[in-house]
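Visitor:
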Amino acid sequence: MFCVVIFALLNPTPYCRGFRSTGFLMLDIQLLRSQLDAVAQRLAARNFSLDVTAFQSMEDERKQLQTRTQDLQSKRNSLSKQIGALRGKGEDVSGVMAEVAGIGDELKASEERLAALQIKLNDFLSRIPNLPCDGVPVGKDETGNVEVRRWGSPREFGFEVRDHVDVGAALGLDFDTGAKLSGARFTFMRGAVASMHRAIAQLMLDMQTREHGYTECYTPYIVNPEVLYGTGQLPKFAEDMFRVERGGEGSQTQYLISTSEISLTNMVRESILKADELPLKLTAHSPCFRSEAGSYGRDTRGMIRQHQFDKVEMVRITKPEDSYDALEEMVVNAEAVLQRLELPYRVVALCTGDMGFGSAKTYDLEVWLPAQKAYREISSVSNCESFQARRMQARYKSEAGKNEFVHTLNGSGLAVGRTLVAILENYQQADGSVIVPAALRPYMGGIEVLRPSA
RNA sequence: GGAGAGGUGGCAGAGUGGUCGAAUGUACCUGACUCGAAAUCAGGCGUAGGUGCAAGCCUACCGUGGGUUCGAAUCCCACCCUCUCCGCCA
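Final position of the first sequence in my numbering is 1520; the numbers increase by one with none missing.
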């Protein structure tokens, strides 16, 4: 509804500019060629059925076409050189000219067929999700997720618990104005709630930078399509994005970021890093824009699921051998925020069927929402291994002097809007006021309680 | 928005149709000399793909995309980006 995908259809691989070969895929093409059935089997665990026959036939054709094309190119090159040499000596070239002319048509046709096939092959490959890491629980959907640990225990309320919509209404949380300006799933905040929203983001950013060693970043919120290709939003998930165009005509379509994972991770696209530059630990507070296509009717009440929300994001770029340690650390980095805010939560290992497109292993953090009597996602931390790095062409020069793909990880640390929701619900009092968590008070001029204004 | 300059290997910088994947300098690596280092000398040093057991051979890449040509870093067109000046603007 928001972002109908005509883009990918009209223009199969615009984000592939600069990459001519099949070498820039999501999965290692060599792996696919050599262990096709095994790969298909692992992908099946995440509900993706790989069309093995289609791939095989495209590969066979590619191989044959490429060999033939390069053969003809080689022939043309050597004949052309002969022409130059003969001309230099003032000799007759008409014989060679005739010979090379004979190659022309076939070469051109062959090149065109190969180019078309490469586009088709790339498009096919770019829609294949990452392979799940060994040890990820196998499961069809979220019911297959596995709880890893819990922290804190839900508070006992001596009164009827209200949800954040009701609690927030008197504190400046205004869905009507949001809807008036922009439609459903937009929120307008004023006063105490707006202030707390900012305080939450500040606290998170300060913790990630000062306590956990991340470098603070400020990034563009509008990015080019190839950037989204790099992190895996395109080509498959265009309908989840907001597209923007500049005033005036003829401008390239760009996209609003749906998470600053996109802009942070792509910082290293198309580059070869030095080994001693790694790991990179980046963080940013940014708005996120999501069309939420396909989620009609889900979480319609309140600000759980919004078209625009803020998030403090963590990204790490690591050497391959370090990425799984980094993943565990990032989960701890995210947990630290919930602990500081004294919000009960649990850590869940996502099963194969519930993981995101680019992830090899994901942990979700779920915060307790008393009004829903449920744990709800507030952070998601993923190791994408080399999946995004391949798409971005992000490499580093290893100690052995070889260029290898880096590993990329991302995680929310945390989602600001949902944290606000959790605070309003968990810290509410019978009189409609909300206690300000101690950790936020320095960011709110020392205020201890938010009281309904009218 | 207007006018101009420019985008070539890690960096600097040649190259305006024919052995140019690209001179030269510099950085880096290896070796020689040295007790060691510096200096000097010799050699090496881009990325990706195809093919082959391998040595190797082949193909593509000089901002991006297209065109002209037997042949393009070099000529033509479009676009992107950078810099300088003017205008506008938070």
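Note that beta-carbon positions come from the ideal geometry of N, C-alpha and C, so glycine has one too.
Classify residue 1310 as helix, strand or coil using the three-state DSSP reduction.
Guide: Three-state result, residue 1310: strand.
Visitor: Helix or strand or just coil, what does DSSP make of residue 1369?
Guide: Residue 1369 falls in the coil class under three-state DSSP.
Visitor: Applying the criterion that 16 or more other CB atoms from any shown protein chain within 10 Å of the CB defines a buried residue, is residue 1454 buried or exposed?
Guide: Buried: at least 16 other Cβ atoms inside 10 Å.
Visitor: DSSP state of residue 1476, grouped into three classes?
Guide: In this structure, residue 1476 counts as strand in the three-state DSSP scheme.
Visitor: Around the C-beta of residue 1265, are 16 or more other C-beta atoms found within 10 angstroms, so that it is buried, or is it exposed?
Guide: Buried, since its Cβ has 16 or more Cβ neighbours within 10 Å.
Visitor: Nearest to residue 1179 by CA position, among 1332, 1130, 1511, 1369, is which residue?
Guide: Closest option to residue 1179, Cα to Cα, is 1130.
Visitor: Going along the chain, which residues of its own chain have a beta-carbon closer than 7 Å to the beta-carbon of residue 1509, five neighbours each way excluded?
Guide: Only 1265, 1268, 1269 meet the Cβ criterion.
Visitor: Could you give the C-beta distance for residue 1240 and residue 1255, rounded to a whole number, given that I count them as a contact under 8 Å?
Guide: That belief holds up - the Cβ atoms of residue 1240 and residue 1255 are roughly 7 Å apart, short of 8 Å.
Visitor: Going along the chain, which residues of its own chain have a beta-carbon closer than 7 Å to the beta-carbon of residue 1258, five neighbours each way excluded?
Guide: Counting only Cβ-Cβ distances below 7 Å, and skipping sequence neighbours, we find 1237, 1238, 1516.
Visitor: Of all the options 1393, 1295, 1172, 1164, which has the alpha carbon lying nearest to the alpha carbon of residue 1189?
Guide: Residue 1295 is the option with its Cα nearest to residue 1189.
Visitor: Please state whether DSSP places residue 1418 in a helix, a strand or coil.
Guide: Residue 1418 falls in the helix class under three-state DSSP.
Visitor: Going by the CB atoms, is the gap between residue 1337 and residue 1475 shorter than 8 Å?
Guide: No, the pair does not count as a contact, with Cβ atoms beyond the cut-off.
Visitor: Give me the residue from 1172, 1409, 1202, 1418 with the minimum Cα distance to residue 1443.
Guide: Among 1172, 1409, 1202, 1418, the Cα nearest to that of residue 1443 is on 1409.
Visitor: So is residue 1113 buried or exposed if we call it buried at 16+ other beta carbons inside 10 Å?
Guide: Residue 1113 should be labelled exposed.
Visitor: What number of angstroms, rounded off, separates the C-alpha of residue 1322 from the C-alpha of residue 1299?
Guide: So the alpha carbons of these two residues sit roughly 12 Å apart.
Visitor: Could you give the distance in angstroms between the alpha-carbon of residue 1164 and the alpha-carbon of residue 1319?
Guide: Taking the straight line joining both Cα atoms gives about 46 Å.
Visitor: What is the DSSP secondary structure of residue 1521, reduced to helix, strand or coil?
Guide: One cannot answer for residue 1521 here, as it falls past the ends of the chain, which runs 1067 to 1520.
Visitor: Kindly indicate which three-state DSSP category residue 1215 falls into: helix, strand or coil?
Guide: In the structure shown, residue 1215 sits in a strand (DSSP, three-state: E or B).
Visitor: Is residue 1435 helix, strand or coil when you go by DSSP?
Guide: Three-state DSSP puts residue 1435 in a strand.
Visitor: Would you call the stretch 1224 to 1234 in contact with the stretch 1446 to 1464, where contact means no fewer than 3 C-beta pairs closer than 8 Å?
Guide: Result no; under three Cβ-Cβ pairs closer than 8 Å.
Visitor: When every heavy atom of the ligand ADP is checked, does at least one fall within less than 7 Å of the C-beta of residue 1348?
Guide: This structure lacks the ligand ADP, and indeed carries no ligand of any kind.
Visitor: My output table needs one value for residue 1353: the three-state DSSP class, helix, strand or coil.
Guide: Correct three-state label for residue 1353: strand.
Visitor: Going by DSSP, what residue range makes up the alpha helix (DSSP H) through residue 1241?
Guide: That run of the alpha helix (DSSP H) goes 1241 to 1248.
Visitor: Measuring straight from C-alpha to C-alpha, what distance separates residue 1185 and residue 1124?
Guide: If I take the Cα positions, the gap works out to 11 Å.
Visitor: Return helix, strand or coil for residue 1377, following the three-state DSSP convention.
Guide: It is a strand residue.
Visitor: Could you tell me the boundaries of the beta strand (DSSP E) in which residue 1460 lies?
Guide: From DSSP, the beta strand (DSSP E) with residue 1460 extends over 1460 to 1463.
Visitor: Helix, strand or coil for residue 1449? Go by DSSP, reduced to three states.
Guide: Note: residue 1449 maps to strand in three-state DSSP.
Visitor: Hey, is the stretch 1193 to 1207 in contact with the stretch 1403 to 1418, meaning 3+ C-beta pairs nearer than 8 Å?
Guide: Yes, the stretch 1193 to 1207 touches the stretch 1403 to 1418.
Visitor: Does the Cβ-Cβ distance between residue 1341 and residue 1462 come in under 8 Å?
Guide: Contact flag set, yes.
Visitor: So is residue 1504 buried or exposed if we call it buried at 16+ other beta carbons inside 10 Å?
Guide: Residue 1504 is exposed by the Cβ-count criterion.
Visitor: Count the other CB atoms within 10 Å of the CB of residue 1098; is the residue buried (16 or more) or exposed (fewer)?
Guide: Burial call: buried.
Visitor: Taking the straight line between their C-alpha atoms, what separation do you get for residue 1193 and residue 1514?
Guide: Roughly 50 Å separates the two Cα atoms.
Visitor: Based on Cα-Cα distance, which residue from 1127, 1404, 1195 lies nearest to residue 1422?
Guide: Closest by alpha carbon: 1195.
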